[in-house]
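Heads up: the sequence lines are chains A and B, in that order. Counting with the numbering used here, you get residues 1 to 159 for the letters of the first sequence. Counting with the numbering used here, you get residues 1001 to 1159 for the letters of the second sequence. Backbone N, C-alpha and C fix where the C-beta goes; we use that ideal spot for every residue, glycine too. First the structure, in the form of structure tokens, and then the observations on it.
There are 2 protein chains.
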Amino acid sequence: MTSKNNNPDAIFGFFNEIGIIAQLSGNAFEKTMPDGMTLPQFSVLNHLMRVGDGHSPLRIARAMQVTKGAMTNTLQHLEKKSLITVKPDETDGRAKRVFITEQGRQVRDECIASLAPYLGRLATDISPSELADALPLLERVRKWLDTAREQPSRTSRSG
Amino acid sequence: MTSKNNNPDAIFGFFNEIGIIAQLSGNAFEKTMPDGMTLPQFSVLNHLMRVGDGHSPLRIARAMQVTKGAMTNTLQHLEKKSLITVKPDETDGRAKRVFITEQGRQVRDECIASLAPYLGRLATDISPSELADALPLLERVRKWLDTAREQPSRTSRSG
DNA sequence: ACTATATAGTTCGATATTAAACTAAATGAC
DNA sequence: GTCATTTAGTTTAATATCGAACTATATAGT
Chain A
1 MTSKNNNPDA IFGFFNEIGI IAQLSGNAFE KTMPDGMTLP QFSVLNHLMR
51 VGDGHSPLRI ARAMQVTKGA MTNTLQHLEK KSLITVKPDE TDGRAKRVFI
101 TEQGRQVRDE CIASLAPYLG RLATDISPSE LADALPLLER VRKWLDTARE
151 QPSRTSRSG
Chain B
1001 MTSKNNNPDA IFGFFNEIGI IAQLSGNAFE KTMPDGMTLP QFSVLNHLMR
1051 VGDGHSPLRI ARAMQVTKGA MTNTLQHLEK KSLITVKPDE TDGRAKRVFI
1101 TEQGRQVRDE CIASLAPYLG RLATDISPSE LADALPLLER VRKWLDTARE
1151 QPSRTSRSG
């Protein structure tokens, strides 16, 4: 009887798995992290290292696909731990600029290091190339969702 | 220089996309939902319809891969809205049994119905069969995470 | 029976998320 | 220059999550 329309089922199953994986992997991640490092905090730290720092909170929020309120929260935590510094933007009085500190770099490196054993175990059972093969579809889905989200109001983007 | 070790990158990218998709799809889902229906609440409702009701909160929590605390919270919300009823288990004084109400069934059906247009738009751009093709890998990853999670303590499972 | 342990569920504290209201500064109309 | 609109960031109120502490019941060992 479930063959009536299998489309919804496939889509549903897909997003259901995605949701559970996100949750389980996030938990596993934070459990391997030193201190009280959380996934969003690490993501920002990692972002600052990869694409460079000095950008505005809003720009980082868009890159991470979270709201600016969420980014304010995350940045406040990181700043309290002295892993980043936030300075006012000289040329724009309402903007700020985010910089990673030396301590922030160290912590980020430690996080990556402490993650290695776990990733190694994962790679033993599920080959990274398989994961890589799935990436194009995931990116397509993510971009579709991102676009669909902005269709109604067409705010933001291109920040 | 990023070619030094591409394994972590592939794995990282995979889970990063997964995380963002989970977040965006969850938001999109809740935006199309009537009332204040949330994804976890709907998931429980849907679960009760698909596998049948009368099970314990802990069993449902395990099926959804969340903690029992999270399930307590979700069930309390659903019960407040009269979408489920929770009765004591006759044969086990510390357990409860969860039942979906008639109103719960209706709301669940309305949720599915209100979701259809969105799924239709999605299916136009990304074929459901592509999503279905990705399912086996996702399931494998999910199960791996689930197993790895329980390796240290070996609690629960098989509820 | 008594005691120790395990299980079911709740509560608490920390974290996160969104959406919406709000403040402050920049930009544009005129 | 003045006023309206947009943009950057914060704050607030819901919701959710986890993990750990806690209560109550069941089970096992002796």
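- Against chain B, a Cβ distance below 9 angstroms from residue 15/A picks out 1021, 1022, 1025, 1026, 1029 and 1131.
- The distance from the Cβ of residue 104/A to that of residue 83/A is about 4 angstroms, consistent with a contact at the 8 angstroms cut-off.
- Under the Cβ criterion of 8 angstroms, residue 1108/B is not counted among the residues facing chain A.
- Note on residue 1023/B: 16 or more other CB atoms within 10 angstroms of its CB, so buried under the neighbour-count rule.
- For residue 48/A, none of the residues of chain B pass the 8 angstroms Cβ criterion, the least Cβ distance being about 15 angstroms.
- At a cut-off of 8 angstroms, the C-beta of residue 103/A has no neighbouring C-beta in chain B.
- Beta-bridge pairing by DSSP links residue 80/A to no other residue.
- Chain A has no Cβ within less than 8 angstroms of the Cβ of residue 1113/B.
- Going by DSSP, residue 1100/B is part of no alpha helix (DSSP H) but of the beta strand (DSSP E) stretching over 1096 to 1100.
- Looking at the backbone, the Cα of residue 52/A and that of residue 40/A are separated by about 17 angstroms.
- The CB of residue 1122/B comes closer than 8 angstroms to the CB of 11, 144 and 148 in chain A, given here in chain order.
- The Cβ of residue 65/A sits closer than 8 angstroms to at least one Cβ of chain B.
- Listed in chain order, the non-local C-beta contacts of residue 57/A below 7 angstroms within the same chain comprise 68, 71, 72, 75, 96 and 98, local neighbours out to five positions each way being set aside.
- If you draw a straight line from the Cα of residue 38/A to the Cα of residue 1101/B, it is about 38 angstroms long.
- For residue 34/A, no alpha helix (DSSP H) run applies, since DSSP gives it neither H nor E.
- Around the beta carbon of residue 19/A, 16 or more other beta carbons sit within 10 angstroms, so the residue counts as buried.
- Per DSSP, the unbroken alpha helix (DSSP H) holding residue 1043/B starts and ends at 1039 to 1051.
- For chain B, the residues of the region 58 to 91 of chain A that bring a beta carbon within less than 9 angstroms of one of its beta carbons are 64, 65 and 66, in chain order.
- Here residue 1113/B is exposed, its C-beta having fewer than 16 other C-beta atoms within 10 Å.
- Close CB contacts of residue 1054/B within its chain, under the 8 angstroms cut and outside five residues either way in sequence, are with 1097, 1098 and 1099 (chain order).
- Residue pairing by DSSP places residue 86/A opposite 98/A in a beta bridge.
- Taking C-beta atoms as the reference points, residue 1011/B and residue 122/A count as a pair closer than 8 angstroms.
- Annotated as proximal: residue 63/A and residue 47/A, with beta-carbon spacing under 8 angstroms.
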